[in-house]
Structure formats: structure tokens, C-alpha cells
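There are 2 protein chains.
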Amino acid sequence: MSARPGTVRPGGRTARVRTAVLRAAGDILAEHGFAHLDLADVARRAGVGKTTVYRRWGSVTGLVTDLLAELAHDAAPHRETGSLPGDLRAYALLVQREAADARQGALLRAVVAAAPCDGRTAAALRRFFEVRVEEWVPCVEQGVARGELPAGTDAAAVVRAVSAPLHQELLTTGVAPAPHAAECAARAAYAAAVAGAYAGAAPVTGR
Amino acid sequence: MSARPGTVRPGGRTARVRTAVLRAAGDILAEHGFAHLDLADVARRAGVGKTTVYRRWGSVTGLVTDLLAELAHDAAPHRETGSLPGDLRAYALLVQREAADARQGALLRAVVAAAPCDGRTAAALRRFFEVRVEEWVPCVEQGVARGELPAGTDAAAVVRAVSAPLHQELLTTGVAPAPHAAECAARAAYAAAVAGAYAGAAPVTGR
DNA sequence: AGCGTAACGAAACTGCAGAACCGTTTACCC
DNA sequence: GGGTAAACGGTTCTGCAGTTTCGTTACGCT
């Protein structure tokens with residue numbers, strides 16, 4: 001009835017269609033970029049009817065949004081290295097690898113491009129980063145507990161500071177940052193946090 | 001001839017048309033965002049023929065690109081405050097104000113969105129940031145000369161580190177960062193630079 | 001001032017993304 | 001294993017972004 005297609009009978013063919021379409025969309029995104037992402041192409045490559053793609057995803061932004069949700073779902077498990085510099089370095093390299101990966105990097109650029117055009121996409125993007133940050137915040141908080149960082153440090157700000165320069169480079173130059181840049185970003189965030197740059201006035205952001 | 005329209009007779013009406021179109025495009029961008037930027041709307045609001053807009057700018061991305069070039073052209077003059085923390089703070093607040101401004105913020109988001117779809121736009125975006133960075137690099141270099149920062153500091157990296165978290169916030173949340181965030185970014189970049197995070201690849205161990 | 005043509009503008013045209021229709025397949029429940 | 005309707009898919013249609021055409025305006029040069 002009013003339930004969206006794909007939610008009442010999610011098994012069997014429906015699931016196969018979803019997998020094939022997302023896979024094809026990812027391929028096209030990695031090969032030709034966001035600009036030439038045509039739903040008819042996706043349908044053809046996925047071996048699926050054009051109608052189906054339009055019915056279930058509606059538009060390019062919808063498809064990209066679903067793709068992002070899928071990416072966020074199988075998040076890479078991260079192991080703590082024991083020291084905060086090591087953890088931040090691991091996070092920076094994760095972001096760097098992600099940006100350098102053809103599929104994930106292209107997807108990231110596509111999502112950022114589509115976000116201003118579509119509310120759902122914007123929400124998905126926000127959620128994606130929130131989850132990311134929340135995942136790595138504990139590392140920073142442990143650093144505070146261990147006395148590596150001053151009390152009152154805004155852990156989320158530290159995590160965001162690691163990824164920010166890497167994402168900026170990807171988005172502005174169109175080229176993925178080098179591993180060296182990732183290590184530099186991690187070092188910088190750590191040094192700034194140690195110096196208390198994120199422990200100043202209480203942030204109003206969040207809650 | 002093969003010269004593009006608007007280049008042979010740039011005066012009088014041609015200039016008026018250009019001004020009106022860019023103004024209208026900026027208005028629509030600020031009001032309705034990048035998604036609903038229709039060239040026919042722009043033409044109507046500018047009191048100009050639809051044909052003219054298509055002939056001179058060709059597409060939405062072309063128009064956005066020209067708009068960006070215009071913005072980069074009248075760059076805000078920056079005065080040096082005498083101290084590096086002060087300069088970085090001034091730069092951070094400039095970026096923050098820009099992001100918070102309805103027209104400029106919307107334009108920035110639109111350009112980033114359009115960049116993956118169009119080579120010229122991507123180049124314009126890259127150029128825009130390059131100019132920005134070059135403008136503020138001297139402040140950092142003076143800081144190095146004064147001995148505030150370690151020798152071998154990558155001045156451009158420091159400048160980029162200031163703007164990165166602010167732009168990331170604008171692009172991922174869709175909301176412009178607060179002035180507080182700008183000051184935090186400036187503090188962090190300064191602290192990291194002082195600690196030598198942007199100087200060479202070797203980790204900071206006194207030495 | 002007069003001329004050549006660059007640039008503009010209104011209207012008619014075209015191509016294609018996306019929607020509608022409807023018959024076919026198949027997942028889920030008993 | 002049989003019934004029901006959810007979901008698929010081929011075809012056709014439509015709305016509109018973008019193009020073409022051609023007549024009009026006015027910039028810049030002498």
C-alpha cells in the first residue's frame with residue numbers, strides 16, 4: 001500500500017535486484033563519475049528494467065543516498081593501537097584509503113555534490129559523518145583519560161580535524177591525498193589537541 | 001569568428017547583460033539553492049533572453065564557474081595583524097563569514113557540487129583555492145622568519161588547515177560554522193604548526 | 001554620422017530523462 | 001502446493017531542458 005516498494009517482500013529477487021543495481025551504480029560512478037550517472041544505464045548494466053530503478057530509487061540522488069547507506073553499513077572495524085597518535089594515524093589512513101579507492105572516493109564526491117540538491121541525501125551525508133565521528137571519539141576520550149590531552153577537550157572536533165584536510169583536498173583538487181598527507185593531518189590534530197586548542201570555550205555544536 | 005560571444009564587444013549592453021545575469025543567478029542560488037538553478041529562470045529574472053544565457057554560459061555549471069571567477073576577482077583585502085595567531089584568526093573568520101553569507105555560502109556549495117560534473121568548474125575551483133592560499137601564505141612565512149614556527153614548515157598546508165574544518169562543516173552539515181569554530185580552527189592550526197606538525201615528514205621529537 | 005557585424009531576443013523545434021500503463025513473474029503465507 | 005498480490009519489466013507517452021532559426025538592436029570603428 002503506502003509502504004515503499006522493496007520493503008514488504010525484501011527477499012529473493014528483490015534483494016538480487018537491489019544488489020545488482022547498487023553494484024552497477026558503483027561501477028559507473030567509479031568509471032565515469034557522477035556527471036554521467038544515468039539511471040537507464042544503471043538499469044541496463046544491472047540487467048534490470050528501467051522502470052524498476054525509477055520506482056525504487058526515483059532519481060540519481062536517491063540511488064546515491066542508498067549507496068552511501070550501504071557503505072556506512074559495512075564500516076571498517078577499527079582496532080585501537082593503544083596510543084592516541086597511533087589511533088589518529090590509523091583513522092587518517094582509513095580516510096585516505098577511502099578517498100583513494102575508485103568506488104568509495106567517487107561515491108564520496110557524488111554524495112557531496114548531490115547533498116545540496118536533495119534533503120534526504122544531505123541527511124544521509126550528515127548521518128554518515130556522525131557515525132564516523134562517534135566511532136572514533138572514544139579513542140580521543142581515552143587519550144583525555146590517560147592525561148595525554150587536557151581535560152575538556154572536544155573529542156569530536158579532534159576527529160573531524162583529522163579528516164577535514166583530507167576531504168578538502170579530495171573535493172577541491174579532485175585528486176585523492178597521499179598517505180603522507182594523512183600522517184601529516186593526524187600529527188597536526190594530535191599536536192593541536194595536546195596544546196589545548198580544542199579545549200577552549202565550550203562548543204555549542206551538538207546537544 | 002571563432003571567438004566566444006561577449007569577448008569581441010565587451011562593452012555597453014554586453015556588460016549590462018552579464019551583470020544582470022550574474023546578479024540574478026546569485027539571487028536564485030541564495031534563495032533556492034543549486035538544485036533549482038534553471039537557466040530559463042535566470043534569464044527571466046535578469047530580464048534577458050533565454051537564448052542569450054545559453055549562448056554565453058551554455059549550462060548551469062558554466063554559469064556557476066563564471067560566478068566563482070567573479071567572486072575570486074574581488075578578493076577581500078587582508079591586513080596583517082602583526083602576529084601569526086592574529087593573521088590565522090583573521091583568515092578563519094574570513095572563511096567563516098564567507099560560509100555564513102547567503103550568496104557566497106550557497107555559491108561555494110554549488111561550485112563544489114558542480115566540480116565533479118564539469119572540468120572547467122573543477123579547474124576554476126582549484127584555481128580559486130590556490131589564489132586564496134597564495135594570498136595568506138606570506139603571513140605564515142613571516143611567522144617562520146620571525147622564529148614562531150620551525151624552519152621547513154609547509155606554509156600552504158597551514159593555511160589549508162585553517163579553512164578545512166570550516167568548509168567540511170559547511171559541506172557536510174549544510175550549516176555554516178559559528179565564529180567560535182573559526183577561532184578554534186585558527187588556534188588548532190597555529191598550535192600544530194608551532195609543534196612542527198607541518199615541518200617535514202619526521203615526527204616531532206624535540207631534536 | 002554612417003556602416004558592418006557582434007550580440008541580443010522571441011518563437012518554434014528536438015531529444016531525452018522520467019512517468020504511466022499493463023501484462024508477467026515470483027516471494028510470502030497458509 | 002496453491003493462492004494472492006508485491007514487485008518486476010517492456011513499451012509508450014509526456015514535459016521540459018537545451019538548440020536552432022532568423023529577424024532586431026546597438027557596439028565599435030573610421
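Respectively, the protein sequence lines represent chains A and B. Each residue of the first sequence is one higher than the one before, starting from 1 at the first, in full-length UniProt numbering. Each residue of the second sequence is one higher than the one before, starting from 1 at the first, in full-length UniProt numbering. Yeah, the Cβ is synthetic: ideal placement off N, Cα and C, and Gly gets one too. Computed from a prediction, not measured in an experiment: that's the story for all the values here.
1) Would you kindly report the start and end of the unbroken alpha helix (DSSP H) that includes Arg-127(B)?
2) Assuming Thr-52(B) and Arg-120(B) make a contact with CB atoms under 8 Å, what is their CB distance in whole Å?
3) In chain order, what are the residue ranges of uninterrupted alpha helix (DSSP H) at least 4 long that sit wholly in the UniProt domain "HTH tetR-type" (15 to 75) of chain B?
4) Just checking my contact of Ala-99(A) with Ala-197(B) at CB under 8 Å: how many whole Å lie between their CB atoms?
5) Are the CB atoms of Arg-103(B) and Gly-11(B) within a distance shorter than 7 Å?
6) Figure out for me which residue from Arg-23(B), Ala-176(B) and Val-162(B) has the closest Cα to the Cα of Glu-70(B).
7) Is Ala-110(A) helix, strand or coil when you go by DSSP?
8) State the DSSP-derived secondary structure class of Ala-199(B), mapped to helix, strand or coil.
9) Look at the Cβ atom of Glu-80(B), then the Cβ atom of Cys-139(B), and state whether they are nearer than 7 Å.
10) Do Ala-92(A) and Ala-186(A) come within 7 Å of each other at the CB atom, strictly closer than that value?
11) Is any beta-carbon of chain B found at less than 7 Å from that of Gly-58(A)?
12) Can you name the residues of chain A whose CB is closer than 8 Å to the CB of Gln-168(B)?
13) Output, in chain order, the set of chain B residues within a Cβ distance shorter than 7 Å of Thr-173(A).
14) Would you say Val-133(A) and Ala-156(A) are within 7 Å of each other, going by their C-beta atoms?
15) Rounded to a whole number of angstroms, what is the C-alpha to C-alpha distance between Leu-37(B) and Ser-83(A)?
16) If we define contact as Cβ-Cβ less than 7 Å, is Val-42(A) a contact residue for chain B?
17) Nearest to Ala-30(A) by alpha carbon, out of Arg-9(A), Gly-86(A), Arg-16(A) and Val-111(A)?
18) In angstroms with no decimal places, state the Cα-to-Cα distance between Arg-13(A) and Ala-191(A).
19) Please list the partners that Arg-109(B) has in chain A, where partner means a Cβ-to-Cβ separation under 7 Å.
20) Taking the alpha carbon of Val-95(A) as the point to measure from, which residue in Ala-43(A), Glu-169(A), Thr-19(A) and Ala-35(A) has its own alpha carbon closest?
21) I'd like the list of long-range same chain contacts for Val-137(A), defined as Cβ closer than 8 Å, with 5 residues on each side in sequence excluded.
22) Who are the Cβ neighbours of Val-63(B) in its own chain at under 6 Å, not counting the five residues just before and after it?
23) Is it true that the CB of Ala-114(A) sits closer than 7 Å to the CB of Thr-61(A)?
24) With a cut-off of 7 Å, does the C-beta of Gly-49(A) fall near any C-beta of chain B?
25) Where does Thr-153(B) fall in DSSP's three states?
26) Measuring only between beta-carbons, confirm whether Val-137(B) sits less than 7 Å from chain A.
27) Look at Ala-35(A) and Lys-50(A) and say whether their C-beta atoms are less than 7 Å apart.
28) Find the residues of chain A that neighbour Tyr-91(B), judging by a C-beta separation of less than 7 Å, and give them in chain order.
29) Where Val-162(B) and Arg-55(A) are concerned, what is the direct C-alpha to C-alpha distance, given to the nearest angstrom?
30) How far does the alpha helix (DSSP H) with Ala-189(B) in it extend, from its first residue to its last?
31) Name, please, each residue of chain B whose Cβ falls closer than 7 Å to the Cβ of Gly-143(A).
32) Does the Cβ of His-167(B) have 16 or more other Cβ atoms within 10 Å, making it buried, or fewer, making it exposed?
33) Of all the CB atoms in chain A, is at least one closer than 7 Å to the CB of Ala-188(B)?
34) I want to verify the contact list: residues of chain A whose CB lies under 7 Å from the CB of Ala-122(B), in sequence order.
If we stick to the structure as given:
1) 119 to 145
2) Not confirmed; about 20 Å, so no contact.
3) 39 to 46, 50 to 57 and 60 to 73
4) Contact annotation, Ala-99(A) with Ala-197(B): C-beta distance approximately 20 Å; criterion of less than 8 Å not satisfied.
5) Against a cut-off of 7 Å, the Cβ pair of Arg-103(B) and Gly-11(B) comes out as no contact.
6) Arg-23(B)
7) helix
8) In the three-state reduction of the DSSP assignment, Ala-199(B) falls in the strand class, which pools E and B.
9) Yes, the Cβ-Cβ distance between Glu-80(B) and Cys-139(B) is below 7 Å.
10) yes
11) no
12) Arg-160, Ser-163, Ala-164, His-167 and Gln-168
13) Simply Arg-126.
14) yes
15) CA-to-CA, the gap between Leu-37(B) and Ser-83(A) works out to about 49 Å.
16) no
17) Val-111(A)
18) 52 Å
19) Per Cβ cutoff of 7 Å: Pro-116.
20) Glu-169(A)
21) Ala-155, Ala-156 and Val-159
22) According to the sequence as given, residue 63(B) is Leu; it is not Val. Counting only Cβ-Cβ distances below 6 Å, and skipping sequence neighbours, we find Ala-25 and Trp-57.
23) yes
24) no
25) strand
26) Not one chain A Cβ lies under 7 Å of Val-137(B).
27) no
28) Within 7 Å Cβ-Cβ: nothing; Tyr-91(B) doesn't reach chain A, min ~14 Å.
29) 44 Å
30) 179 to 194
31) The CB of Gly-143(A) never comes closer than 7 Å to any CB in chain B; the least such distance is about 15 Å.
32) Within a 10 Å sphere around the beta-carbon of His-167(B) sit 16 or more other beta-carbons, which makes this residue buried.
33) Closer than 7 Å to some Cβ of chain A, the Cβ of Ala-188(B) qualifies, so yes.
34) Gly-174
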